[in-house]
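Note sheet for the following structure.
In our numbering, the protein residues as written are 6 to 376.
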């Protein structure tokens, strides 16, 4: 397979609006389109094809990493059409590649359906705003939209730490400096430590994956910066538990107090294929840190946060399952997709059945499955 072919494959990804391209031995190139895998009508890939494809897109430094560690991640721009985030790895002695399409076009609040409340919250001069959800739930896009909104409307110095950089921001009203972990700086925690000497107003931490990073992010929020961070948690209450649990028991009380004062909001999201039109739709859970919520965080009563969200509707709060139900009731998503993403799948299933609906995938055959 020649480079012309990788170009053709990338063109297909851009034209169809697929989210990912999977290249692996023994299968034709495969797209992920609205959440489902679709084979392209081309030849089945062999080991040599994969080596050629890998060499045509992988920088030398990453090829060395692949040799040493059995895998590498990097990003590249595909003309003006798009950027791709790439993961190359070994499996059964062969190479496999997954390319994730990062659209070049920054979206607006309306286009991604962000709660209106978010606009007001990200005007704050300091505090921590967390965006959470499983991999592939659109966290990067949501954060890029928020950063672009600040960049367009306010004069701020914005520093981002990403692995890799996905959306590229131009300087508008703000100055935006984007640092790639592994290329511009060795780690998230190191980048954060240095950021505080770079006169930032807004700091985006691509991933709060370890104690050092979480600690540094909380400190930055405390010292008068607006900090955005992401975690792979579902739901606001779980997010707070995850942050606290990252600390040794002796420090957990202290971090609860810090979080209760620095946290602005937690936006937890899921991305689902639409059934009314082609495309995807996001469902959001929104927690705003009110004095009542701050008390629950401080007193280690996160199990009561969901009921606080329920009573905080007039403040723009909502539970993920309530938003999922609304999207289902509006005919935008299928019942099984809603149940798959719900925090309480049993309760949502029961609600569907009570209304005479069905949850279950039509292609699911129990007898065949058992055989």
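Ideal Cβ positions, reconstructed from N, Cα and C, are used throughout, including at glycine.
For residue 323, the pairing in a beta bridge is given by DSSP as 291. If only uninterrupted beta strand (DSSP E) runs of at least 3 residues are considered, those enclosed by the region 10–76 are 25–28, 35–38 and 41–44.
Looking at 167, 175 and 171, the one whose alpha-carbon comes closest to that of residue 195 is 167. In the three-state reduction of the DSSP assignment, residue 105 falls in the strand class, which pools E and B. Annotated as distal: residue 69 and residue 19, with beta-carbon spacing of 8 Å or more. DSSP places residue 127 outside both helix and strand once states are collapsed to three, so it counts as coil. The DSSP-derived three-state label of residue 171 is coil.
In this structure, the beta-carbon distance from residue 157 to residue 184 does not fall below 8 Å.
A direct Cα-Cα distance of roughly 35 Å separates residue 116 from residue 261. Note on geometry: alpha-carbon atoms of residue 279 and residue 329 lie some 12 Å from one another.
Just so you know, the alpha carbons of residue 79 and residue 361 end up roughly 48 Å apart. Taken in chain order, the whole alpha helix (DSSP H) runs of length 4 or more contained in the region 146–213 are 193–200. DSSP places residue 87 in no alpha helix (DSSP H) but in the uninterrupted beta strand (DSSP E) bounded by 87–96. In this structure, residue 91 lies away from residue 106, with their beta-carbon atoms at least 8 Å apart. Segment contact: the region 24–33 against the region 47–67, three or more CB-CB distances shorter than 8 Å; contact assigned. Our two residues, residue 247 and residue 13, have alpha carbons roughly 43 Å apart in a direct line. The alpha helix (DSSP H) runs of length 4 or more contained entirely in the region 218–269 are, from start to end of the chain, 241–250 and 254–267.
Pairing residue 129 with residue 231, the inter-Cα distance amounts to about 7 Å. The alpha carbon of residue 150 has as its nearest neighbour, out of 67, 127 and 245, the alpha carbon of 127.
With a contact defined as Cβ atoms closer than 8 Å, residue 193 and residue 228 miss out at about 17 Å. Approximately 15 Å separates the beta-carbon atoms of residue 290 and residue 268; this is outside 8 Å, ruling out the contact. In the structure shown, residue 117 falls within a helical segment according to DSSP collapsed to helix, strand and coil. DSSP places residue 82 within a strand segment (E or B) once states are collapsed to three. Excluding its 5 nearest sequence neighbours in each direction, residue 350 has C-beta neighbours in its own chain below 8 Å: 344, listed in chain order. According to the DSSP assignment, residue 135 belongs to the beta strand (DSSP E) that extends over 132–137. The continuous alpha helix (DSSP H) containing residue 302 extends over residues 296–303.
About 12 Å separates the beta carbon of residue 136 from that of residue 292, a gap too long to meet the 8 Å contact definition.
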